[in-house]
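**Student:**
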Amino acid sequence: MEKSELTFFQRTKKRALVDPFRLAVAIFPFFLFALLAILPALFFPLSLVITLPFIFVPGFVMYCFYSDGLTDPNSGLDVRFMNNLRLFGRYYRRPYFGSMSVLIGLLKGGAAYMVSAFLCGILFALAGDAFFPGLSSEYQALLALIESASDGNEVIAFLNSSEPIIHMISYADAISFGLAFLFFFHHLSMHAPLVLLLAHYQDNGAPGRFYASVYRSVFAAHRKDAYKKHFSSQWPLIPLYLGGYALGMFLASLVQIDLGVMTFGGLAMGLVFLLPQMPLLGVSRLLLARDYFTSFAKETLLTWERYFEEMQGMFPPDSPEEQERQKALSSLREAMEKLKQNNGDLPPENPTDIPKE
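All letters in the sequence shown, in the order written, are residues 1115 to 1471 by this note's numbering.
1) Classify S1213 as buried or exposed, calling it buried when 16 or more other Cβ atoms lie within 10 Å of its own Cβ.
2) Count the other C-beta atoms from every protein chain shown that fall within 10 angstroms of the C-beta of R1204, then say buried if there are 16 or more, exposed otherwise.
3) What is the DSSP secondary structure of V1132, reduced to helix, strand or coil?
4) Using 9 Å as the threshold, is the C-beta distance between A1335 and F1179 below it?
5) How long is the line joining the alpha carbons of R1200 and G1173, rounded to whole angstroms?
6) For Y1285 versus S1367, is the C-beta distance shorter than 9 Å?
7) According to the neighbour-count rule (16 or more other Cβ atoms, all chains shown, within 10 Å of its Cβ), is L1067 buried or exposed?
8) Can you look up E1423 in the DSSP assignment and give me helix, strand or coil?
9) In the DSSP assignment, find the unbroken alpha helix (DSSP H) run with D1405 in it and report its ends.
10) To the nearest angstrom, how far is it from the Cα of A1306 to the Cα of V1175?
11) Would you check if the segment 1350–1364 and the segment 1373–1382 touch, i.e. whether three or more CB-CB distances between them fall below 8 Å?
12) Label T1121 either buried or exposed according to how many other C-beta atoms from any shown protein chain fall within 10 Å of its C-beta, with 16 as the threshold for buried.
13) Starting from the Cα of P1247, find the closest Cα among I1280, P1390, S1346 and give me that residue.
14) Measure from the alpha carbon of H1327 to the alpha carbon of each residue in H1301, F1157, F1135, T1417, then state which is nearest.
15) Which residue comes first and which comes last in the alpha helix (DSSP H) that contains I1283?
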C-alpha cells in the first residue's frame, strides 16, 4: 500500500495530473465504444443486455488500462488505434474475462429496473393527469374494457391506441432503464480495480471467475474503506449522470415519445456528462488496486493453499500427482514468505505490455 498523508482524492488528482492531456484523449475511444454499445437501444432497448457486456465493458476496461499506463512515465503507452484494439481485446483474454462479474452487475441493473418501474407506476397512477393529461379517464376506460371484453385482443388494441398510457409506459420504462444502467456502471467501477490487480499480478492460469471470487472476499474485508475512497472522489458521477440522462431523455422526447429514442438519448447525454469525471474515475481504480494489492495477493495464495491442502490423501504417497501437490504447496508458501518480506510492494508499473510504436 502506498504510504501517503494525502487524502485519497488528493492522491487521485495528483496521479491524474501526470499526463492529463493523453488521459483526456483516451476518453474518445472509450466514448466511441460506449456509443456503439448503446446505439442498438435506439431500436430495441433490451439489446443492452447483450451490447453492454460485450462492447461497453471491454471499452471501460480499456480506459482503466489507459489510466494505468498513461500515468506511468515508464510504460511507453500511447493512445493509438492499434493500442485501442489491443486493450479492448485484452478483456477477452484470461484472466480478465469473467473477472468483472458482469452477470451479477446485470442482475443488479435488472433489480433496479424492476423497482424503478414499480415506483414510477405508482407515482404516475397517483398523479398521472399532472404528467399525462387524460390518463385517469383512460385508466377507467381500460378497467371497464377488461370487465366487458370478450378476449384479450380488445385490451391490447386499446393499450396500443391510448396515447396517455403509451406515453406513461414509455417514460416509466426509459427512467427505469436509466437507473438500471447507473447501478450496472457502479458495479463495474467497483470491480474495475480487479483487472488492474491482475495486470500487476503474475497469472497462474486460473480463470477470471476464480479471481473475482477472491476479490469479493478482499472487498468484503475492506468494504467500508473501499466505499469511502470511491465516493470521496467519485460522488459527482451520480448527479452528473442523472442530470445528463434527464436532459437527454427530455430532448429525445421532443423528437419522439418512444422508449428506444428516449433511452438512447438519455444514455448518450448521461455518458457525455460523465466524460469530465472519467480521468479521475480511471486513476482512482488504479489507486484502489494498489491499496489492496497486498490483501489480494495474500488471499489468492491462501485460497490456492487451502485448495491443495484439501487434496491431501487423494493420491498415493509416491505418485506424480502427490509430488506435484507437495511442490505446489511449497511454492505457495515460499511466495507467501516473499510477500511478507517485500511488505506487499507492487511489481514495477507497466501492466500494458505494449511497446511504444
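Each residue gets a CB set at the ideal place from its N, CA and C atoms; glycine is no exception.
**Tutor:** On the basis of the supplied data:
1) Position 99 of the sequence shown, counting from 1, holds the residue named residue 1213. Result: buried.
2) Here residue 1204 is taken as the residue at index 90 of the sequence shown, counted from 1. Classification of R1204: buried, given that the 10 Å Cβ count is 16 or more.
3) Indexing the sequence shown from 1 puts residue 1132 at position 18. V1132: coil per DSSP, three-state reduction.
4) Along the sequence shown, read from residue 1 onward, the residue named residue 1335 stands at position 221. Along the sequence shown, read from residue 1 onward, the residue named residue 1179 stands at position 65. In this structure, F1179 does not lie closer than 9 Å to A1335 by Cβ.
5) Along the sequence shown, read from residue 1 onward, the residue named residue 1200 stands at position 86. Along the sequence shown, read from residue 1 onward, the residue named residue 1173 stands at position 59. Roughly 11 Å separates the two Cα atoms.
6) Along the sequence shown, one-based indexing puts residue 1285 at 171. Along the sequence shown, one-based indexing puts residue 1367 at 253. It is a contact, given that the beta carbons lie within the stated cut-off.
7) Any property of residue 1067 remains undetermined from this structure, which presents the chain solely from 1115 to 1471.
8) Reading the sequence shown from its first residue, position 309 is the one you call residue 1423. Of the three classes helix, strand and coil, the one that applies to E1423 here is helix, per DSSP.
9) The residue labelled residue 1405 in the question sits at position 291 within the sequence shown. It spans 1392–1405 - the alpha helix (DSSP H) in which D1405 sits, taken as one unbroken run.
10) Numbered from 1 along the sequence shown, position 192 holds the residue referred to as residue 1306. Numbered from 1 along the sequence shown, position 61 holds the residue referred to as residue 1175. Taking the straight line from one Cα to the other gives about 7 Å.
11) yes
12) In the sequence shown, counting from the first residue as 1, residue 1121 sits at position 7. By the 10 Å Cβ count, T1121 comes out exposed.
13) The count along the sequence shown starts at 1 and reaches residue 1247 at position 133. Checking every option, the nearest Cα to that of P1247 belongs to I1280.
14) Stepping through the sequence shown from its first residue, residue 1327 is reached at position 213. Rather than His, the amino acid found at residue 1327 in this sequence is Ser. That would be T1417, whose Cα lies nearest to the Cα of S1327.
15) Position 169 of the sequence shown, counting from 1, holds the residue named residue 1283. Where I1283 is concerned, the enclosing alpha helix (DSSP H) stretches over 1277–1314.
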